[in-house]
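S.K.: Have a look at this one before I ask anything.
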Amino acid sequence: MRSPFRSIRQALLAVAIVSIATIASVLLRDALAPTNLAMIYLGGVVAVAMRCSRWISVTTSFLSVAAFDFFCVPPYLTFAVSDYQYVFTFAGMLVVALVISTQTARLRDLAAHAAVREARTEALYRLSSKLAGETRVFEAARSAAALAEEVFGARVVIFLPEDGRLSFRRRTSDLLPVPPSEESVAQWVFDRGHKAGLRTDVHPDATALYIPLRGARETFGVLAVLPDVESDVKNRIFAPEQQQLLEVFAGQTALAIERTMSQRSAEETRVHMQTEQMRSSLLSAMSHDLRTPLASITGAASTLRSQGDRLPPETKRELLESISDEAERLSRLVGNLLDMTRFESGGVELRRDLYPLEEIVGTVLQRMEPQLEGRAVSTDLAENLAMVFVDDVLLGQVLWNLLENAAKYTPPASPLEIAAFEEDNAVIIEVRDHGPGIPPGEEELIFEKFYRGKSKNGRGAGLGLPICRAIVQAHRGTIRVLAREGGGTIFRISLPFSSKTASHETSHSHH
Ligand code: ADP
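Written as structure tokens, this is what we have:
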């Protein structure tokens, strides 16, 4: 910081200011008492103290007292003093001048420190906020290097390890600003966790300063700083407080990288656990849901084979019926599973077209007749309902799943309703029942794969509602469950009008 040029400049400034004070005093010395002229010098001391180093302002204090004596105290142009009272003036003036110069210098130092601290806090704050959102190690390193370039006014490259060894190939800048031969210096820094290179004890002849990115447990890379050629900037980086800041900066970057990595592995563990959990719930669902119908089928089939001739026709029919029922259940279950996998992998293509909703509802109700036997199902579709632009098979599947659930989870004779109307630029379809309802807190859970309510009556794999949601979302719609006043459940599907339906464009005729 303290260069000889600067001191000379400050000394010249001090001399100039004292000279100006002297000229002003000489011009005013007939009009003002000498003690008042002293104030002009004190003003000069303040001016010098504000700009120059401590020892220059102290020297200026003495110089001012001398000049005051020489030019302003009679007899003029000699240090002799006619009136010894002036000795007090000199002493007082000197004390005040010294206090001003030392205190001003102190205040300035404090301000400078505060500014440094502030700049550093700001730099570190910007670093942490910039790195907070990074989820990838390389991106974090890239942001940190970019910010370091800005803060330190130097070229900064971060090198990351590849297969446990530091590599100049994994770096944050496109060009390699250091000679490839310095890879060994960087490797040394990476291995030891100590800085090296330019202006250090190790490899001081290197082109860059290499600082390790040391986290809590390990070193994540090496930060290389290349000072710009201009000497001023070069000096700034190597000032002790900048060096310290640089190291704190490297440490923060390392911590951010460490956090990114641990977040990443936590996420991987979570996904892994979820997959594991899915697999086990799938297995338990499968073992129950596949085995029970399989057991009935094999049981019935073997009974028919071994005793088929002896059984009364009535029993035979019952056995055959149960085989067919259970086989159908199995096939639906497998179908659901396949659907789900298809949706998961994003392999569903919607075959959308414009359909009148009542047609889709009608088809589903007709196909579900056996399951809905003995129930009152009322439909309440608003008149003049716009045609819906949907995949009719998939929307039918949604209604099927909802009605099947209603049939499974509500008392056998309780009535069901299907309603549809327009609201807020969307077609709303509701399937309502008078069953026990969804327990509060489970409204979202029931849409999760393999989630089954506590009641567990009826068979299922917990896939019905997730499939509904996947299908509705593929149509850019939403499905959620509402509690019904007086008990029961409402499943509400909202299908927003696409530009197609809104314009009531005529169907490309699917008939
Ligand atoms: P599954 O029917 O195979 O169990 P779903 O995803 O279709 O799987 O349903 C998840 C859970 O939501 C069901 O286990 C059940 O507890 C609950 N549920 C679904 N529909 C209704 C309904 N209409 N009334 C009460 N509970 C329901």
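All residue numbers for the sequence shown refer to our numbering, where the first residue is 4 and numbers rise by one.
For every residue, glycine included, the Cβ atom is placed at its ideal position computed from N, Cα and C.
Please name the residue, chosen from L30, Y89, I482, that lies closest to L402 on a Cα-to-Cα basis.
M.R.: Within the sequence shown, numbered from 1, the residue matching residue 402 stands at position 399. Taking only the C-alpha atoms, the option nearest L402 is I482.
S.K.: Taking Cβ positions, are A211 and V205 nearer each other than 8 Å?
M.R.: Sequence index remark: in the sequence shown, residue 211 carries index 208 (1-based). Sequence index remark: in the sequence shown, residue 205 carries index 202 (1-based). Their beta carbons are not under 8 Å apart, which means A211 does not touch V205 by this criterion.
S.K.: Could you tell me which of T222, T256, T175 sits nearest to W191, measuring between CA atoms?
M.R.: Working through the sequence shown from its first residue, we reach residue 191 at position 188. Taking only the C-alpha atoms, the option nearest W191 is T222.
S.K.: Along the alpha helix (DSSP H) that carries T92, what are the first and last residues, could you check?
M.R.: Counting from one through the sequence shown, the residue named residue 92 turns up at place 89. Note, T92: alpha helix (DSSP H), 89-135.
S.K.: The beta strand (DSSP E) spanning F494 covers which residue range?
M.R.: If you number the sequence shown from 1, residue 494 lands on position 491. Start and end: 492-499.
S.K.: Report yes or no: do three or more beta-carbon pairs, one from the region 76-89 and one from the region 101-118, lie closer than 8 Å?
M.R.: Touching, no.
S.K.: Given a cut-off of 8 Å on the beta-carbon distance, is the pair V228 and P215 in contact?
M.R.: Your numbering for residue 228 matches position 225 in the sequence shown. Your numbering for residue 215 matches position 212 in the sequence shown. Contact: no.
S.K.: Hey, A409 and G377: beta-carbon distance below 8 Å or not?
M.R.: Counting from one through the sequence shown, the residue named residue 409 turns up at place 406. Counting from one through the sequence shown, the residue named residue 377 turns up at place 374. Contact: no.
S.K.: Taking the alpha carbon of L45 as the reference point, which residue from S497, R355, R195, I103 has its own alpha carbon closest?
M.R.: Taking the first residue of the sequence shown as 1, we reach residue 45 at position 42. Nearest C-alpha to L45: I103.
S.K.: At which residues does the beta strand (DSSP E) containing E445 begin and terminate?
M.R.: As a working note, residue 445 is residue 442 in the sequence shown. Where E445 is concerned, there is no enclosing beta strand (DSSP E), given that its DSSP letter is neither H nor E.
S.K.: Pick helix, strand or coil for F3, following the three-state DSSP scheme.
M.R.: Outside the modelled stretch of the chain, which goes from 4 to 514, sits residue 3, for which no answer is possible.
S.K.: Take the Cβ of M276 as the centre, count every other Cβ of all protein chains shown within 10 Å, and call the residue buried at 16 or more, exposed below.
M.R.: Your numbering for residue 276 matches position 273 in the sequence shown. It is exposed - the Cβ of M276 has fewer than 16 other Cβ atoms within 10 Å.
S.K.: Out of R168, L169, I161, A219, point me to the one whose CA is closest to V180's CA.
M.R.: For the purposes of this step, residue 180 is taken as the residue at position 177 of the sequence shown. The question names Val, but residue 180 in the sequence shown is Pro. Minimum Cα distance to P180 is reached at I161.
S.K.: Which runs of the beta strand (DSSP E), 3 residues or longer, sit entirely within the region 51-86?
M.R.: Fully enclosed beta strand (DSSP E) runs of 3 or longer: not present.
S.K.: Hey, is G444 close to the ligand ADP, as in C-beta under 7 Å from one of its heavy atoms?
M.R.: Here residue 444 corresponds to residue number 441 of the sequence shown, with the count starting at 1. Answer for G444: no, Cβ out of range of the ligand ADP.
S.K.: Take I474 and list the residues in its own chain whose beta-carbon comes closer than 6 Å to its own, dropping the five residues that flank it on each side.
M.R.: Your numbering for residue 474 matches position 471 in the sequence shown. Hits under 6 Å: L397, V401.
S.K.: Relative to the C-alpha of R487, which candidate in P442, A477, R479 has its C-alpha closest?
M.R.: In the sequence shown, residue 487 corresponds to position 484, counting from 1. Taking only the C-alpha atoms, the option nearest R487 is P442.
S.K.: Does the distance between the C-beta of P316 and the nearest non-hydrogen atom of the ligand SAH fall short of 7 Å?
M.R.: With respect to small molecules bound, the structure shown includes the ligand ADP and not the ligand SAH.
S.K.: CB-CB under 6 Å to E186, same chain, minus the five flanking residues each way: which ones, in chain order?
M.R.: Mapped onto the sequence shown, residue 186 falls at position 183. Answer for E186: F171, listed in chain order.
S.K.: To test your reading of the DSSP string, which unbroken beta strand (DSSP E) runs of 3 or more residues are found completely within the region 201-236?
M.R.: Entirely contained in the region 201-236, the beta strand (DSSP E) runs reaching 3 residues are, in chain order, 212-217, 222-229.
S.K.: Could you compute how far the alpha carbon of A1 sits from the alpha carbon of M96?
M.R.: Any property of residue 1 remains undetermined from this structure, which presents the chain solely from 4 to 514.
S.K.: If we call anything under 8 Å between Cβ atoms a contact, is L468 one with M343?
M.R.: Translated into the one-based positions of the sequence shown, residue 468 becomes position 465. Translated into the one-based positions of the sequence shown, residue 343 becomes position 340. Against a cut-off of 8 Å, the Cβ pair of M343 and L468 comes out as no contact.
S.K.: Let me make sure I understand the geometry here. Which of G136, L16, T38 has the alpha-carbon closest to that of A94?
M.R.: Numbered from its first residue, the sequence shown carries residue 94 at position 91. Taking only the C-alpha atoms, the option nearest A94 is T38.
S.K.: Which value, in whole angstroms, describes the spacing of the CA atoms of S56 and A108?
M.R.: If you number the sequence shown from 1, residue 56 lands on position 53. If you number the sequence shown from 1, residue 108 lands on position 105. Roughly 7 Å between the two C-alpha positions.
S.K.: Around the Cβ of S265, are there at least 16 other Cβ atoms within 10 angstroms (buried) or fewer (exposed)?
M.R.: Here residue 265 refers to the residue found at position 262 of the sequence shown. S265 should be labelled exposed.
S.K.: Helix, strand or coil: how does DSSP classify T481 here?
M.R.: Translated into the one-based positions of the sequence shown, residue 481 becomes position 478. Looking at T481 - three-state DSSP - the assignment turns out to be strand.
S.K.: What number of angstroms, rounded off, separates the C-alpha of H478 from the C-alpha of R495?
M.R.: Residue numbering aside, residue 478 sits at position 475 when the sequence shown is read from its first letter. Residue numbering aside, residue 495 sits at position 492 when the sequence shown is read from its first letter. Using only the alpha carbons, I get a separation of about 14 Å.
S.K.: Could you tell me whether any non-hydrogen atom of the ligand ADP is closer than 7 Å to the CB of A135?
M.R.: Residue 135 sits at position 132 when you count from the first residue of the sequence shown. No - the ligand ADP has no heavy atom lying nearer than 7 Å to the Cβ of A135.
S.K.: Apart from the five residues on each side of it in sequence, which residues of its chain come closer than 6 Å, Cβ to Cβ, to E433?
M.R.: Looking up residue 433 in the sequence shown gives position 430. Answer for E433: A422, I493, R495, listed in chain order.
S.K.: Could you tell me which residues DSSP pairs with S170 in its beta bridges?
M.R.: For this step, residue 170 is matched to residue 167 along the sequence shown. Per DSSP, none; premise fails for S170.
S.K.: On a Cα-Cα basis, can you pick out the residue from T256, R202, E261 that is closest to P243?
M.R.: Numbered from its first residue, the sequence shown carries residue 243 at position 240. Answer by Cα proximity: R202.
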